[in-house]
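The structure appears right after this line, and notes come after that.
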């Protein structure tokens, strides 16, 4: 399966927040007190991506299979070349299990590498087991493997 990438401005306002809601629907349903506050942050991020195409929007891409948008990826190049934080990597549930998330992560790493970064700061513990891989070092920053800082209060 081929994953194509395009600028987020080729989508529509609300698309990124909607993909995140679809991907987190189980957590939003089973743990609403913990996860519903995230929705406002997703909507704010979505708005910033569309409103600022040369800054925030330049570090986000939509992923599509044929003509269907199936996810998006984001990263933060401001700390390059020391390291590059990986942002979201979201594939909508209907396309899970097809290896698209791995392709999307590779695209994020390719874009960070083009900016001189070879260490990816990963805010989610799920990717920490990949260190080192393909010449990349994954750093967890302040998140330790197996811990979700949102669950610690």
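In UniProt numbering, the protein residues as written are 1 to 153. The beta carbon of each residue, even a glycine, is placed where N, CA and C say it ideally should be.
Around residue 100, the same chain offers 3 and 91 as residues with beta carbons nearer than 6 Å, after the five sequence neighbours per side are excluded. For the pair residue 73 and residue 108, the CB atoms are nearer than the 8 Å cut-off. Shown here for residue 27: same chain residues with a beta carbon closer than 7 Å to its own, the five before and five after excluded, namely 35 in chain order. In terms of CA proximity to residue 77, 119 leads the group 104, 69 and 119.
Annotation: the continuous alpha helix (DSSP H) that includes residue 15 extends over 15-23. In this structure, the CA atom of residue 95 is about 12 Å from the CA atom of residue 103. Less than 8 Å separates the beta-carbon of residue 115 from that of residue 84.
Remark: C-beta atoms of residue 11 and residue 69 approach each other more closely than 8 Å. Short of 8 Å from the beta carbon of residue 9, and not among the five residues preceding or following it, lie these beta carbons of its own chain, in chain order: 50, 53 and 57. CA-CA distance, residue 1 to residue 98, rounds to 8 Å.
The criterion of a C-beta distance shorter than 8 Å is satisfied by residue 6 and residue 61. If you compare the alpha carbons of 13, 24 and 14 with that of residue 93, the shortest gap goes to 24. For residue 39, the enclosing alpha helix (DSSP H) stretches over residues 32-51.
Per DSSP, the continuous beta strand (DSSP E) segment holding residue 62 begins and ends at 60-65.
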